[in-house]
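Participant: I'd like to ask some things about the structure below.
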Amino acid sequence: MIVEKEIIINKSIQNAWNVLGVDFANPSRWASAVNHSEGGGSAIHGSACSERGCATTMGSIREKLLTFSSEKYALSYEVVEGIPPMVTSATNQWTLTELKPDQCKLHMRMDIRLKGFWVLWLEPILKWQMSRMGTHLVEDFAFYVEKGMPHPRKIKTQRT
1 MIVEKEIIIN KSIQNAWNVL GVDFANPSRW ASAVNHSEGG GSAIHGSACS ERGCATTMGS
61 IREKLLTFSS EKYALSYEVV EGIPPMVTSA TNQWTLTELK PDQCKLHMRM DIRLKGFWVL
121 WLEPILKWQM SRMGTHLVED FAFYVEKGMP HPRKIKTQRT
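Encoded structure:
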């Protein structure tokens with residue numbers, strides 16, 4: 001199951017990369033679905049860490065970088081712990097593309113593989129849920145990069 005999202009960010013690609021790549025360990029600063037995060041592993045190609053642990057609204061997970069390129073403004077990671085038993089793998093790719101000196105585009109691509117009889121029954125529900133979460137993620141990210149503060153949705157989740 002593939003879920004893709006894009007959003008235009010009205011800040012430079014370097015500003016966006018500083019949040020996405022350089023600060024890979026801290027999506028809890030901007031993502032409404034992430035309550036807490038911390039980096040682990042060794043430094044990799046400009047990132048302070050090669051993996052991160054996240055306490056999310058759907059449970060605790062650990063993600064490990066698969067690719068990281070400051071030159072291409074792109075990274076990908078795999079969820080290596082905390083995925084439900086019906087999921088065989090879950091990866092996510094994030095790529096920034098410069099549109100103008102003060103504007104870039106974020107493209108996010110989730111690839112979630114299901115196994116067994118769950119595929120027919122759960123895939124439509126899970127796809128809807130992941131699509132909604134993906135929309136929130138890219139909106140949260142763009143808002144944080146543009147405004148330097150969390151999206152109101154993130155602030156609301158911190159209060160509850």
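Counting from 1, position 138 in the sequence shown corresponds to residue 138 in our numbering; the numbering is continuous, with no gaps.
Every residue, glycine too, gets a C-beta built ideally from N, C-alpha and C.
Since this is a predicted model, take the numbers as computed values, not measurements.
(1) For Asp50, count the other beta carbons within 10 Å of its own beta carbon; 16 or more makes it buried, fewer makes it exposed. Which is it?
(2) From the DSSP secondary-structure annotation, give me the bridge partner or partners of Thr56.
(3) Name the one or two DSSP bridge partners that Val87 has.
(4) Let's test the definition: count the other Cβ atoms within 10 Å of the Cβ of Lys154 and tell me whether it reaches 16, buried, or not, exposed.
(5) Distance check for Thr67 and Lys105, CA to CA, integer angstroms please.
(6) Per the contact definition of three or more C-beta pairs closer than 8 angstroms, is the region 111-130 in contact with the region 8-20?
(7) DSSP state of Ala25, grouped into three classes?
(8) Is it the case that the Cβ atoms of Tyr77 and Glu98 are separated by a distance below 8 angstroms?
(9) Whose C-beta lies closer than 8 angstroms to the C-beta of Pro101 among residues of the same chain, with five residues either side of it excluded?
(10) Indicate whether Leu65 and Ser47 have their beta-carbon atoms separated by less than 8 angstroms.
Facilitator: On the basis of the coordinates in this document:
(1) Residue mapping note: residue 50 aligns to position 50 of the sequence shown, counting from 1. Reading the sequence as shown, one finds Ser at residue 50 and not Asp. Classification for Ser50: buried.
(2) Mapped onto the sequence shown, residue 56 falls at position 56. Beta-bridge partners of Thr56 (DSSP): Val34 and Gly59.
(3) Sequence index remark: in the sequence shown, residue 87 carries index 87 (1-based). Val87 pairs with Leu114.
(4) Working through the sequence shown from its first residue, we reach residue 154 at position 154. Per the 10 Å Cβ criterion, buried.
(5) Position 105 of the sequence shown, counting from 1, holds the residue named residue 105. Position 67 of the sequence shown, counting from 1, holds the residue named residue 67. Just so you know, the alpha carbons of Lys105 and Thr67 end up roughly 19 angstroms apart.
(6) These segments do not touch.
(7) As a first step, residue 25 must be located in the sequence shown, where it is residue number 25. Here DSSP, grouped into helix, strand and coil, assigns Ala25 to coil.
(8) Locating residue 77 in the sequence shown gives position 77, where the first residue counts as 1. Locating residue 98 in the sequence shown gives position 98, where the first residue counts as 1. Contact: no.
(9) Counting from one through the sequence shown, the residue named residue 101 turns up at place 101. Cβ within range, chain order: Ser12.
(10) Looking up residue 65 in the sequence shown gives position 65. Looking up residue 47 in the sequence shown gives position 47. Yes, the pair counts as a contact, with Cβ atoms nearer than the cut-off.
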